[in-house]
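*Asks:*
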Amino acid sequence: MDELDDAPATVLTDPRAPAHHGPGDATDRAPDHAPEQPPHEPASLAALRILADAVAAGHRDPFDPAVPLILAAGPLAGSGAPGTARVAAIGLSPLSDAVGETRAEGPFGAALRAAGAATLALTGRADRPSILLLRNGSAELRDASELAGTGTVAATDMLAARYGERAGIAVIGPAGRRRARAATILTDRYFPLPRLGFGAVLGDRNLVAIVCLGGPAPPVADPRALATVAARYRAEQPANPLTEWQHRPPGFGVWPYGAEPGYGARHNFTDTVATAGAGLAPGRFLDRYRAAAPCPDCPTDCLKVFAPPGGPPVALHQEAVAALGPNLGIDDADTVLAAAAACLDAGLDPVSVGGTLGCLYEAAHRGRLPAGWPDCGFGTDPAPFIAAAADGDDEFAAALRDGATRLAARLGVPDAAMAVRGVELPPFDPRIQPGLALAYAAAPTGPRYDTVEHDLDFDPALGAPHCWPQLRELGLTAPEPARRLDADRADRTAVLLALWSALDAYGICPYASTPTRPLSLALLADLIAAGTGHRLDTPALLDLGADRLRRQHRINDALGVTEPRRLPDRMHTEPVAAGVHAGAVLDPDRFAAALARLRAGLELS
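The sequence shown runs contiguously to residue 605 in full-length UniProt numbering.
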């Protein structure tokens with residue numbers, strides 16, 4: 001097929017085959033202005049340098065084609081080690097208008113590296129829908145007219161049929177083509193790059209798919225040492241209570257059933273009395289369970305594939321059931337699975353969808369919906385609204401595509417937007433875990449539930465004692481009451497933020513890692529050294545993680561982004577009403593003081 005004349009510019013940097021590709025260039029040539037990458041700098045840090053340079057040059061609109069959207073594979077992706085199958089997307093988020101970074105598990109990171117594109121920076125805009133084909137460090141664009149109107153599942157199937165099942169495939173869906181602010185990029189069928197709207201950025205640039213045709217896996221520094229780390233992980237994974245829970249069907253995505261009031265979102269965080277009903281019991285999901293969606297070289301098999309009554313099979317991560325179920329007043333597994341599958345095929349993030357519809361349902365309960373908008377409320381099936389957000393033409397559909405914060409402002413109910421930096425909160429209630437709450441507010445890319453280990457894991461009554469020795473190795477006390485909010489909590493959270501930021505920098509999965517999973521601090525050091533030849537002790541690892549957070553913060557500072565001082569009001573004014581967490585609330589003054597201390601400690605202020 002014809003190559004497009006007005007191609008998105010791409011910069012490919014890889015230790016094996018660095019190359020720069022400008023508009024219309026589909027052949028390898030020496031890099032003339034590809035950014036130099038310092039020795040041992042992980043790809044995600046190189047991506048932040050590229051993005052910072054664009055912002056400094058005055059490119060500040062997420063939809064400006066001169067703003068790079070960067071896909072970065074960790075230096076260990078494809079190495080054969082567990083917990084390393086990750087890829088990141090870095091850019092400016094249409095949802096937050098701030099720095100954005102999101103990650104996907106699965107094989108796509110290894111495919112990027114094998115195609116010679118460990119760091120892929122995309123700029124420009126094609127003149128018609130396009131596929132970017134990567135192989136041997138070179139890139140070319142192909143016409144994508146046959147993908148017009150397809151969902152992510154059909155697009156993935158068509159590309160796999162054309163390029164082979166071993167090709168790495170990333171696609172957007174109709175939500176991305178409509179520039180929905182929570183549009184995702186789906187990699188390899190089951191592994192989305194969630195939140196933050198990078199699917200909308202690709203849609204705006206007419207780039208509907210990226211296909212990686214790989215060569216051999218990149219070499220590692222010490223294959224024998226890497227094999228030793230992998231063997232240790234495989235030996236310890238079955239005995240670790242968290243990784244064994246992740247491994248055992250129906251997996252860690254169905255946790256809302258049995259959770260205490262106040263642990264997860266229910267009715268847009270307004271109901272802290274009721275619990276999930278029997279319709280969300282694990283057995284209901286097991287009836288629909290089909291298989292695991294494994295990450296390469298990892299035995300944990302966290303993601304589980306379910307077949308809803310209608311729609312494509314969907315792999316559940318840890319947030320979708322909570323966001324689309326109890327958060328929306330839905331207590332039926334089939335309804336939740338159908339909604340999750342609809343999000344997958346539309347290319348929409350289920351957490352942002354849950355947060356946006358939670359805002360809509362609350363506004364309906366308060367009588368604030370405009371005339372002509374659909375009747376709805378907690379308990380309403382979300383599937384029709386997901387379809388509207390993906391491909392609707394009217395004012396209602398456009399409002400849903402804008403996300404919870406903009407929807408709440410439009411409806412005159414700003415307090416119904418459960419969001420920070422314009423990004424919808426994960427469905428883990430921060431009132432009972434103040435360290436997680438501080439992380440929601442402090443993270444430069446917006447709230448994530450996997451930016452820091454959760455406070456309850458270290459609680460003397462409710463925690464996981466097997467992980468406390470790792471906490472002590474970090475210089476922190478354990479056990480520690482989860483609900484304490486003070487200077488010590490700020491300091492602990494700063495350390496834990498830096499730790500998991502370093503994991504993000506190296507593309508190492510937190511669901512395999514310290515302090516609660518088998519990749520201990522010692523094994524992490526061995527893993528990084530075996531893969532890259534560069535050994536980091538724990539202080540150096542924490543320094544690298546803190547540096548990544550500072551780089552993100554500096555981009556926000558250059559953009560003029562205001563730092564949040566608190567979470568949505570109800571987190572500070574409405575205590576949990578029932579159960580073991582009754583009375584939990586985030587005192588606004590103590591929260592502000594702890595947040596200021598955390599930011600000062602990490603130099604994020």
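Backbone N, C-alpha and C define an ideal beta-carbon position, used for all residues, glycine too.
Going by DSSP in three states, R290 sits in which element: helix, strand or coil?
*Replies:* strand
*Asks:* When you compare the CB positions of I330 and V336, do they come within less than 7 Å of one another, or not?
*Replies:* yes
*Asks:* Of all the options D97, V87 and N136, which has the alpha carbon lying nearest to the alpha carbon of T187?
*Replies:* For T187, the closest of D97, V87 and N136 by C-alpha to C-alpha distance is V87.
*Asks:* Consider the Cβ of R484: report whether some Cβ of chain B lies at a distance smaller than 7 Å.
*Replies:* Absent from the structure is chain B; it holds one protein chain and no more.
*Asks:* With a floor of 3 residues, list each beta strand (DSSP E) that falls wholly inside the region 73-146, ordered by position along the chain.
*Replies:* 86-92, 99-105, 119-123, 130-135 and 138-143
*Asks:* Excluding the 5 residues flanking D450 on each side, which residues of the same chain have their C-beta closer than 6 Å to its C-beta?
*Replies:* P510
*Asks:* Looking only at C-alpha atoms, which of A293, P218, N240 and A274 sits nearest to P250?
*Replies:* A293
*Asks:* T184 by DSSP, collapsed to three states: which one?
*Replies:* coil
*Asks:* Is the distance from the Cβ of L559 to the Cβ of R60 below 7 Å?
*Replies:* yes
*Asks:* Determine the contact status of residue 687 and G545, defining contact as a CB-CB distance below 7 Å.
*Replies:* Absent from the structure is residue 687, since the part of the chain shown begins at 1 and ends at 605.
*Asks:* Would you mind sorting G583 into buried or exposed? The rule is 16 or more other CB atoms within 10 Å of its CB.
*Replies:* G583 is classed as exposed because its beta carbon has fewer than 16 other beta carbons within 10 Å across all chains shown.
*Asks:* Near P238, what residues of its chain come up, given a Cβ to Cβ distance below 8 Å and the 5 sequence neighbours on each side ignored?
*Replies:* E244 and H247
*Asks:* With respect to the beta strand (DSSP E) encompassing V67, which residues constitute its N-terminal and C-terminal limits?
*Replies:* Careful: V67 lies outside any beta strand (DSSP E) and carries neither H nor E.
*Asks:* Could you tell me whether the Cβ atoms of T515 and Q470 are closer together than 7 Å?
*Replies:* With the sequence shown as reference, residue 515 is identified as Pro, and Thr is not the correct amino acid for it. It is a contact, given that the beta carbons lie within the stated cut-off.
*Asks:* Bridge partners of G168, per DSSP?
*Replies:* Under DSSP, G168 forms a beta bridge with C212.
*Asks:* What residue from L71, F591, E603 and A417 has the CA that sits closest to D557's CA?
*Replies:* E603
*Asks:* Going by DSSP, what residue range makes up the alpha helix (DSSP H) through L344?
*Replies:* A333 to A346
*Asks:* Just to confirm the assignment: which complete alpha helix (DSSP H) runs, minimum length 4, are found wholly within the region 474-555?
*Replies:* 487-506 and 521-532
*Asks:* Which residues share a DSSP beta bridge with F396?
*Replies:* In DSSP, F396 forms no bridge with anything.
*Asks:* Using DSSP bridges, identify the partner residues of V305.
*Replies:* A291 and A315
*Asks:* State the start and end residues of the unbroken beta strand (DSSP E) segment that holds P299.
*Replies:* P299 -> no beta strand (DSSP E), and no H or E assigned at all.
*Asks:* Would you call the region 262-275 and the region 574-583 touching, i.e. three or more CB-CB distances under 8 Å?
*Replies:* Yes, they touch.
*Asks:* Answer yes or no: do G78 and G347 have a C-beta to C-beta separation smaller than 7 Å?
*Replies:* no
*Asks:* Start and end of the beta strand (DSSP E) containing L193?
*Replies:* F191 to L193
*Asks:* In the DSSP assignment, the alpha helix (DSSP H) including V55 goes from what residue to what residue?
*Replies:* A43 to A56
*Asks:* Is the separation between the beta-carbon of A397 and that of A388 shorter than 7 Å?
*Replies:* yes
*Asks:* Under a three-way DSSP split, which group does residue 622 fall into?
*Replies:* Any property of residue 622 remains undetermined from this structure, which presents the chain solely from 1 to 605.
*Asks:* What does the alpha-carbon distance come out to for the pair R401 and A525?
*Replies:* 43 Å
*Asks:* Hey, V413 and P564 are a contact pair by Cβ (cut 8 Å); roughly how many whole angstroms apart?
*Replies:* Rounded, the Cβ-Cβ distance is 19 Å, inconsistent with contact.
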